[in-house]
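The block underneath contains the structure these notes are about, expressed in structure tokens.
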Amino acid sequence: MIEVVTSRNALLYKDALHDMFHLRHRIFVERMGWEALRKSDRLERDQFDTDDAIYLLLTEDDGKVVGTHRMLPTTKPHLFSDVFPNLCAVKGVQRDEKILELTRTCVDEEVLDRPTMEKARKRLMVGLFEFCLRGGYEKFTLLTPTDLLFRYLLIGLDIKPLGMPVDMDGNKQVAVIVKVDQQALDVMRMALGVPETQVHYVGAPQGDRLVLAPDGAQQRPLEAAE
Amino acid sequence: MQMTNSTFEFIEQLDCQTDIPSLINSFQSLIGKFGMACFMIGDPTRPKMQRDDRLWATTWPQDWLNHWLSQNYISVDPVINQLLARNEPILWRETRSANDDTGSKIFNEATEFHMTDGFALPIYSRDGFVVGITMGTDHYELGKQDEACLHMASIYFHAKLERLRAESAPKPRGPRLTPRERECLSWVAAGKTDWEISQILSISEQTAHEYVQNALIKLNATTRAQAVAIAIFTKQILA
Numbered sequence: 001m002i003e004v005v006t007s008r009n010a011l012l013y014k015d016a017l018h019d020m021f022h023l024r025h026r027i028f029v030e031r032m033g034w035e036a037l038r039k040s041d042r043l044e045r046d047q048f049d050t051d052d053a054i055y056l057l058l059t060e061d062d063g064k065v066v067g068t069h070r071m072l073p074t075t076k077p078h079l080f081s082d083v084f085p086n087l088c089a090v091k092g093v094q095r096d097e098k099i100l101e102l103t104r105t106c107v108d109e110e111v112l113d114r115p116t117m118e119k120a121r122k123r124l125m126v127g128l129f130e131f132c133l134r135g136g137y138e139k140f141t142l143l144t145p146t147d148l149l150f151r152y153l154l155i156g157l158d159i160k161p162l163g164m165p166v167d168m169d170g171n172k173q174v175a176v177i178v179k180v181d182q183q184a185l186d187v188m189r190m191a192l193g194v195p196e197t198q199v200h201y202v203g204a205p206q207g208d209r210l211v212l213a214p215d216g217a218q219q220r221p222l223e224a225a226e
Numbered sequence: 227m228q229m230t231n232s233t234f235e236f237i238e239q240l241d242c243q244t245d246i247p248s249l250i251n252s253f254q255s256l257i258g259k260f261g262m263a264c265f266m267i268g269d270p271t272r273p274k275m276q277r278d279d280r281l282w283a284t285t286w287p288q289d290w291l292n293h294w295l296s297q298n299y300i301s302v303d304p305v306i307n308q309l310l311a312r313n314e315p316i317l318w319r320e321t322r323s324a325n326d327d328t329g330s331k332i333f334n335e336a337t338e339f340h341m342t343d344g345f346a347l348p349i350y351s352r353d354g355f356v357v358g359i360t361m362g363t364d365h366y367e368l369g370k371q372d373e374a375c376l377h378m379a380s381i382y383f384h385a386k387l388e389r390l391r392a393e394s395a396p397k398p399r400g401p402r403l404t405p406r407e408r409e410c411l412s413w414v415a416a417g418k419t420d421w422e423i424s425q426i427l428s429i430s431e432q433t434a435h436e437y438v439q440n441a442l443i444k445l446n447a448t449t450r451a452q453a454v455a456i457a458i459f460t461k462q463i464l465a
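Residue numbers (the working numbering), protein chains in the order written: chain W, 1 to 226; chain H, 227 to 465.
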């Protein structure tokens with residue numbers, strides 16, 4: 001399942017967050033070679049891992065963290081605003097309470113076998129849309145390879161570029177903004193073959209869900225299945 | 227910056243496009259701003275059985291298109307071959323070779339239609355085949371930024387085109403065959419016997435026979451030829 005961790009419930013997820021930072025170090029530094037992020041404690045954290053960050057953690061039944069997203073509010077400092085504004089040069093850096101920035105998406109490529117890994121990626125993508133929709137977020141921005149952009153366009157997602165593609169990590173990547181609505185979640189579920197609800201707000205008091213929503217955003221009712 | 231803005235305008239107005247001809251016009255008008263005279267998008271790597279599906283949209287001059295198709299240039303055009311081989315954006319001129327007689331012939335003939343140079347891009351299709359977009363011009367003077375614009379516009383154009391093509395395809399009617407039944411029936415359509423199909427698919431002859439017979443029953447056909455015809459008509463196998 002996928003769990004949502006914010007500063008409000010982080011205490012309940014101390015071990016899981018530790019595992020997540022370690023997973024990020026193993027994937028981004030040790031596998032992908034982002035040496036600037038290397039840490040002696042093998043926990044990859046940067047200046048954006050603050051109380052404002054929201055983490056989606058994909059966990060196995062025994063609680064092991066096997067995948068993650070980091071979401072940053074675009075009204076606070078985030079990568080596009082502080083590190084890569086040039087990637088959004090055409091449309092400008094997007095800043096809105098209802099827009100999140102997605103970074104640090106990864107699954108545990110060292111532990112999962114290939115089919116499980118593919119499934120994990122799909123569950124994380126569907127979970128992302130579930131989380132945004134439930135939390136009242138209308139869009140998210142991210143840097144994505146152009147061939148992935150094409151695949152998601154084919155599925156029927158509303159994705160618009162913010163700037164021109166650049167060469168990064170050995171392929172062409174482009175900053176984009178993705179619209180989130182019920183239709184987007186439905187097509188993602190169908191195209192990726194993930195019909196089940198992924199995001200579960202266990203470990204957090206019911207009321208704490210509200211803290212995930214920006215001011216004025218509409219809360220969606222929990223689905224009957226939960 | 228003007229070209230970038232035109233490209234973003236093209237991308238943003240795609241949501242309003244509901245039919246293929248106006249989508250093609252809109253893309254043609256964009257590449258015209260980059261000095262490109264015309265374009266072709268297609269899927270030259272499709273297996274022979276799906277040959278009809280290899281050319282998707284083009285604004286090439288009709289005479290040149292007819293000639294190009296009738297000479298089966300899709301299989302020998304150096305731009306297409308290089309595009310598939312190198313799998314990265316290329317300029318037409320980079321594919322010219324003095325040793326390539328066929329290629330030189332195609333280049334010379336294209337010149338008569340005011341296409342002396344151009345730009346071509348590989349893109350992956352839904353099922354992993356390489357799709358190519360090639361654009362011709364009589365005066366090529368694009369910078370890196372322009373090429374990046376055309377690349378991104380092509381991705382959006384291609385995705386929208388595939389979506390509109392899928393929407394406009396006739397909806398299949400009648401009973402549905404399983405993938406394996408369709409596969410076997412496709413080989414029947416290609417003139418193969420049960421034994422040949424069993425060898426191709428590494429299954430037993432009996433199993434191949436059962437798949438075909440199941441298809442006949444599902445399609446309410448009395449002969450294999452009739453089953454093939456119905457399956458083609460209902461778009462379950464390719465002609």
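Built from N, CA and C at the ideal position, the CB exists for glycine as well.
Distance CB(residue i)-CB(residue j) smaller than 7 Å
i, j, result
"ARG123 (chain W)", "VAL66 (chain W)", "no"
"GLN129 (chain W)", "VAL199 (chain W)", "Checking the sequence, you will find Phe at residue 129 (chain W) rather than Gln. No, these two residues do not count as a Cβ contact at 7 Å."
"ARG391 (chain H)", "VAL414 (chain H)", "no"
"ASP360 (chain H)", "VAL305 (chain H)", "First, the residue type needs correcting, since residue 360 (chain H) is Thr and not Asp in the sequence shown. It is a contact, given that the beta carbons lie within the stated cut-off."
"ARG408 (chain H)", "ILE456 (chain H)", "no"
"THR284 (chain H)", "CYS375 (chain H)", "no"
"HIS78 (chain W)", "GLU60 (chain W)", "no"
"MET20 (chain W)", "THR68 (chain W)", "yes"
"TYR55 (chain W)", "VAL111 (chain W)", "no"
"ALA434 (chain H)", "LEU442 (chain H)", "no"
"VAL29 (chain W)", "LEU17 (chain W)", "no"
"ILE300 (chain H)", "ALA346 (chain H)", "no"
"ALA175 (chain W)", "LEU153 (chain W)", "no"
"CYS88 (chain W)", "LEU192 (chain W)", "no"
"ASP52 (chain W)", "LYS76 (chain W)", "yes"
"GLU138 (chain W)", "VAL180 (chain W)", "yes"
"TYR350 (chain H)", "ASP167 (chain W)", "no"
"PHE80 (chain W)", "ALA385 (chain H)", "no"
"LEU185 (chain W)", "LEU133 (chain W)", "yes"
"PRO348 (chain H)", "ASN307 (chain H)", "no"
"GLY268 (chain H)", "TRP286 (chain H)", "no"
Integer Cβ distance of residue i from residue j, believed to fall under 8 Å
i, j, result
"GLN254 (chain H)", "PHE236 (chain H)", "Not quite, the Cβ-Cβ distance comes to about 11 Å (not below 8 Å), so this is no contact."
"LEU309 (chain H)", "GLY358 (chain H)", "5 Å"
"PHE140 (chain W)", "ILE99 (chain W)", "7 Å"
"MET164 (chain W)", "VAL90 (chain W)", "7 Å"
"PHE260 (chain H)", "MET227 (chain H)", "Going by Cβ atoms, the distance from PHE260 (chain H) to MET227 (chain H) rounds to 14 Å, so no, they are not a contact pair."
"GLU431 (chain H)", "TRP421 (chain H)", "5 Å"
"ALA403 (chain H)", "LYS444 (chain H)", "The sequence given here places Leu at residue 403 (chain H); Ala does not occur at that position. Contact holds; Cβ gap of about 6 Å."
"ILE458 (chain H)", "ALA447 (chain H)", "At roughly 12 Å, the Cβ-Cβ gap does not stay under 8 Å, so ILE458 (chain H) and ALA447 (chain H) are not in contact."
Within chain W, the residues that residue i reaches when beta carbons sit closer than 8 Å
i, result
"ALA395 (chain H)", "Those do not exist, as ALA395 (chain H) stays about 15 Å from chain W at its closest Cβ, beyond 8 Å."
Closer than 8 Å at the beta carbon, the chain H residues around residue i
i, result
"PHE150 (chain W)", "ILE349, TYR350, ILE381, HIS384 and ALA385"
"GLY156 (chain W)", "ARG389"
"VAL174 (chain W)", "MET378"
"LEU124 (chain W)", "Chain H residues near LEU124 (chain W): none, gap ~22 Å exceeds 8 Å."
"LEU58 (chain W)", "Within 8 Å Cβ-Cβ: nothing; LEU58 (chain W) doesn't reach chain H, min ~26 Å."
"LEU192 (chain W)", "Going along chain H, no residue has its Cβ under 8 Å from LEU192 (chain W), so there is no contact; the nearest lies around 14 Å."
"LEU133 (chain W)", "The premise fails here: LEU133 (chain W) is roughly 20 Å from chain H at the closest Cβ pair, so nothing lies under 8 Å."
Partners in chain W for residue i, counting only beta-carbon separations shorter than 7 Å
i, result
"GLU238 (chain H)", "LYS160"
"ALA374 (chain H)", "MET164 and PRO165"
Where residue i meets chain H, residues with beta-carbon distance less than 7 Å
i, result
"THR146 (chain W)", "ILE381"
"VAL90 (chain W)", "THR230 and PHE234"
Under 9 Å from the C-beta of residue i: neighbouring residues of chain H
i, result
"LEU87 (chain W)", "Near LEU87 (chain W) there are no residues of chain H at all, since even the closest Cβ is about 13 Å away, more than 9 Å."
"LEU72 (chain W)", "Here the premise fails: no neighbours, minimum Cβ distance about 25 Å."
"LEU79 (chain W)", "None at all; the shortest Cβ gap to chain H is about 21 Å."
"LEU143 (chain W)", "Near LEU143 (chain W) there are no residues of chain H at all, since even the closest Cβ is about 14 Å away, more than 9 Å."
"LEU17 (chain W)", "Going along chain H, no residue has its Cβ under 9 Å from LEU17 (chain W), so there is no contact; the nearest lies around 37 Å."
Listed by chain order, chain W residues near residue i by CB distance under 9 Å
i, result
"MET206 (chain H)", "In the structure displayed, chain H extends from 227 to 465; residue 206 (chain H) sits before or after that span and is not available."
Check: residue i C-beta below 6 Å from any heavy atom of the ligand ADP
i, result
"MET266 (chain H)", "With respect to small molecules bound, the structure shown includes none, and the ligand ADP cannot be examined in it."
| message | Whether or not the stretch 425-435 of chain H and the stretch 379-387 of chain H are in contact is what I'm after, with contact meaning three or more pairs of Cβ atoms, one per stretch, closer than 8 Å; do they touch? | response | Touching, no, given that fewer than three Cβ pairs across the two stretches are closer than 8 Å.
| said: With three or more C-beta pairs closer than 8 Å as the rule, is the stretch 91-111 of chain W touching the stretch 21-40 of chain W? | reply: Yes, since at least three Cβ pairs between the stretch 21-40 of chain W and the stretch 91-111 of chain W fall closer than 8 Å, the two stretches touch.
| query | What are the start and end residues of each continuous beta strand (DSSP E) run of 3 or more residues lying completely inside the stretch 68-115 of chain W, in chain order? | reply | Listed in chain order, the complete beta strand (DSSP E) runs (minimum 3 residues) inside the stretch 68-115 of chain W are 99-107.
| task | Please specify which runs of the alpha helix (DSSP H), each continuous and at least 4 residues long, are wholly inside the stretch 301-375 of chain H, giving them in chain order. | result | For secondary structure counted as the alpha helix (DSSP H) over 4 or more consecutive residues, the stretch 301-375 of chain H holds these complete runs in sequence order: 304-312 and 327-337.
| request: Could you pull out every unbroken alpha helix (DSSP H) segment of at least 4 residues lying fully inside the stretch 402-438 of chain H, listed in chain order? | output: Every unbroken stretch of the alpha helix (DSSP H) spanning 4 or more residues and falling wholly within the stretch 402-438 of chain H is given here in chain order: 405-415 and 420-427.
| task | Please determine if the stretch 361-370 of chain H and the stretch 333-343 of chain H are in contact, where contact requires at least 3 C-beta pairs separated by less than 8 Å. | result | Because the criterion of three Cβ pairs below 8 Å is met, the stretch 361-370 of chain H and the stretch 333-343 of chain H touch.
| query | Going along the chain, which unbroken runs of the alpha helix (DSSP H) with 4 or more residues stay wholly within the stretch 6-71 of chain W? | reply | Listed in chain order, the alpha helix (DSSP H) elements of length 4 or more contained wholly in the stretch 6-71 of chain W are 14-24.
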